[in-house]
Amino acid sequence: MRCGDITAHLNNAAGRVTIRDHLFDIELRPREALALLHWLEENEEQLQVLERTRPEPRHSRRRESLTA
88 MRCGDITAHL NNAAGRVTIR DHLFDIELRP REALALLHWL EENEEQLQVL ERTRPEPRHS
148 RRRESLTA
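Here our numbering runs 87 ahead of the position in the sequence shown, where the first position is 1.
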């Protein structure tokens, strides 16, 4: 299953679902995975806003302060 950048893979033998994104790779029980995917879908707009407003990496800020 694919939802935007997020993919979910069901491992029937283990009874687990692996959910991957560019930020995380987690294994959950199917019920937990469905709850997480549902929550992500409900909050997609807010998460996109957060991704656009996340702070710069520390090394970028440190370099700016050294050149100022």
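Even for Gly, the Cβ is constructed at its ideal location relative to N, Cα and C.
Keep in mind it's a predicted model, so treat the numbers as computed, not measured.
Of the candidates Glu128, Arg116 and Asp92, the residue whose Cα lies closest to the Cα of Asn98 is Arg116. Within the same chain, Cβ atoms closer than 8 Å to the Cβ of His109 are found at Asp92, the five residues on either side in sequence being excluded. In this structure, Ala120 and Val104 form a Cβ contact; the two beta carbons are roughly 4 Å apart against a cut-off of 8 Å.
A direct Cα-Cα distance of roughly 38 Å separates Arg139 from Ala100.
Judged by DSSP in its simplified three-state form, His109 adopts coil rather than helix or strand. By the C-beta density criterion, Ile113 is exposed, having fewer than 16 other C-beta atoms within 10 angstroms.
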